[in-house]
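First up is the structure itself, then whatever we jot down about it.
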Amino acid sequence: MDQAAVSRRRMLQAAVIGATGIAASRVALGGAPATARGPLEAPLIFHSPEVQPFVDPLPIQQQLTGGRYDLVGRTTMHRFHSSWDPSPAFAYGDATYGGPVLENQADAETQLTFDNRLGAHPFAKDFDLSLHGPQASDRIAPRSVLHMHGGVTPPESDGHPQMMIAPGERFTHRFPNRQQAAGLWYHDHAMGMTRLNTYAGLASMYLLRDRWDTGRADNPLGLPAGRWEVPLSLQEKIFTRGGQQSIRSTRLVPQGSWEGGAVGDVGVVNGAVWPELDVDRG
Numbered sequence: 117m118d119q120a121a122v123s124r125r126r127m128l129q130a131a132v133i134g135a136t137g138i139a140a141s142r143v144a145l146g147g148a149p150a151t152a153r154g155p156l157e158a159p160l161i162f163h164s165p166e167v168q169p170f171v172d173p174l175p176i177q178q179q180l181t182g183g184r185y186d187l188v189g190r191t192t193m194h195r196f197h198s199s200w201d202p203s204p205a206f207a208y209g210d211a212t213y214g215g216p217v218l219e220n221q222a223d224a225e226t227q228l229t230f231d232n233r234l235g236a237h238p239f240a241k242d243f244d245l246s247l248h249g250p251q252a253s254d255r256i257a258p259r260s261v262l263h264m265h266g267g268v269t270p271p272e273s274d275g276h277p278q279m280m281i282a283p284g285e286r287f288t289h290r291f292p293n294r295q296q297a298a299g300l301w302y303h304d305h306a307m308g309m310t311r312l313n314t315y316a317g318l319a320s321m322y323l324l325r326d327r328w329d330t331g332r333a334d335n336p337l338g339l340p341a342g343r344w345e346v347p348l349s350l351q352e353k354i355f356t357r358g359g360q361q362s363i364r365s366t367r368l369v370p371q372g373s374w375e376g377g378a379v380g381d382v383g384v385v386n387g388a389v390w391p392e393l394d395v396d397r398g
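For the sequence shown, this note's numbering gives the first residue as 117, with consecutive numbering after it.
Below you can see the structure in the form of C-alpha cells.
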C-alpha cells in the first residue's frame, strides 16, 4: 500500500471519529437527533412575493465619460418590477436606483464631487445604534461617504468609513487612476451603515480604460465594445408585499439589531427583477 493510500485512510478515519464525537456530545447534552424532533420553523424569512420573471427589459445604465463628475446622493422611489408599486430607495445622480456608469482613462485623474442630499432612510427601522457609527439622526438625515472599490486611491480621497458627510454637505475626491484597466465600482462606505446605504441603492460601476481595453471597437484585445458591451450590476434582494425592498433575512435577529448578510431570494440586474435582454447571436 503506497503512502497516499495510507494518508487517505487516516483522513477518513479521523473524519468518522470526529463525526462520532459530535453525535456523542449532543447525546451527552441531552439533545435528540434532528430527525426525532418535530418540524422546525425555518430561521430565514426568504418569502418575497412571487413575480413573473423576464417580462421587463434590462435597464441600460447611463454612462458618463470624462474627468469631472458631480454626483448627488438622493432619496427616491424606484419600481423594481412592472407589477409592483415603487419602493423607497437611494440613488446617485439622475437615477432612481444605483447610479451612472462612470468611465475614464488610466493615468488621467478623475475629480468626483459627492453631494449628500439624502432624506429619510428606506431602512430606518433596521439601524443598530449599538454599533460604532450610526446615530438616531441617520434614520431621517443619513450621513454618507463615497468609496471607489478597487481603486488605487490617496488616503485623503479614499472615502474612509469615518469620513462621512451629512445631508447638505459635499466632498471632492481625486482619483489618479494610476493602474491598469479594470471594472471597478463606487459605493457608500459609511461606518456601521454601509450595508444599509449600499443595499438601498448607493452603488454603481466605474470603468477604467487603458491602451489595451480602450472601450472602442478597434481595441487590440478584440473585446466587445459599443452596444455589445453592457455593464451589469447583479444583486440578490428581499421584497415584501407590493415590491418594497427589505433587508430583513432572518427571524433570529430582532429588527433594529445587527444582521450581517441579508441574502435574498430575488435576482436584480441594474435595478430590475429578473429582466430580459435581446442580444445578437454570436
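The C-beta atom is built at its ideal place from N, Cα and C for all residues, glycine as well.
Check                                                                                                                                                                                               : Outcome
What would DSSP say about E285, mapped onto helix, strand or coil?                                                                                                                                  : coil
According to DSSP, which residues form a beta bridge with I354?                                                                                                                                     : S362
Given this structure, state the Cα-to-Cα distance separating H263 from D304, to the nearest angstrom.                                                                                               : 6 Å
Which ranges does the beta strand (DSSP E) cover as unbroken runs of at least 3 residues, wholly within the segment 194-282, from first to last along the chain?                                    : 203-208, 217-221, 226-233 and 262-265
Could you check whether the Cβ of G299 sits closer than 9 Å to any Cβ belonging to chain B?                                                                                                         : Protein chain content of the structure displayed is limited to a single chain, and chain B is not contained in it.
What are the start and end residues of the beta strand (DSSP E) that includes R327?                                                                                                                 : Taken as a continuous stretch (DSSP letters only), R327 belongs to no beta strand (DSSP E), as it is neither H nor E.
Just curious, the alpha helix (DSSP H) that A316 is in, first and last residue?                                                                                                                     : T310 to A316
Whether or not the segment 382-391 and the segment 162-173 are in contact is what I'm after, with contact meaning three or more pairs of Cβ atoms, one per stretch, closer than 8 Å; do they touch? : yes
In this structure, does DSSP put R343 in helix, strand or coil?                                                                                                                                     : helix
Does DSSP classify H303 as helix, strand or coil?                                                                                                                                                   : strand
Quick check: the Cα distance between Y213 and D334, rounded to an integer number of angstroms?                                                                                                      : 33 Å
Taking 8 Å as the cut-off, does the segment 290-300 touch the segment 199-216 (at least 3 CB pairs, one atom from each stretch)?                                                                    : no
Give the straight-line distance between the Cα atoms of F355 and A240, rounded to the nearest whole angstrom.                                                                                       : 16 Å
Classify V369 as helix, strand or coil using the three-state DSSP reduction.                                                                                                                        : coil
In chain order, what residues of the same chain lie with their CB nearer than 8 Å to the CB of D396, ignoring the 5 residues before and after it?                                                   : W344
Find the nearest neighbour of Q360 within the set Y185, L324, G183 and D201, judged by alpha-carbon distance.                                                                                       : D201
One question on the structure: do M321 and V217 come within less than 9 Å of each other, judged by their Cβ atoms?                                                                                  : yes
Under three-state DSSP, which class holds Q179?                                                                                                                                                     : strand
According to the neighbour-count rule (16 or more other Cβ atoms, all chains shown, within 10 Å of its Cβ), is G267 buried or exposed?                                                              : buried
For A319, which residues of its own chain have a beta-carbon under 8 Å away from its beta-carbon, when the five flanking residues on both sides are left out?                                       : G214, G215, W301, Y302, H303, D304 and S349
Report the three-state DSSP secondary structure of V171 (helix, strand or coil).                                                                                                                    : coil
Cα-Cα, which of R357, G308 and N386 is closest to S199?                                                                                                                                             : R357
When you compare only the Cα positions, how much space is there between H197 and D394?                                                                                                              : 18 Å
Give a yes or no on contact between the segment 271-285 and the segment 226-246, applying the rule of three or more CB pairs nearer than 8 Å.                                                       : yes
In angstroms with no decimal places, state the Cα-to-Cα distance between D186 and A306.                                                                                                             : 19 Å
Quick one: Cα of H276 to Cα of V167, how far?                                                                                                                                                       : 39 Å
Taking the continuous beta strand (DSSP E) assigned at V384, which residues delimit it?                                                                                                             : V382 to V385
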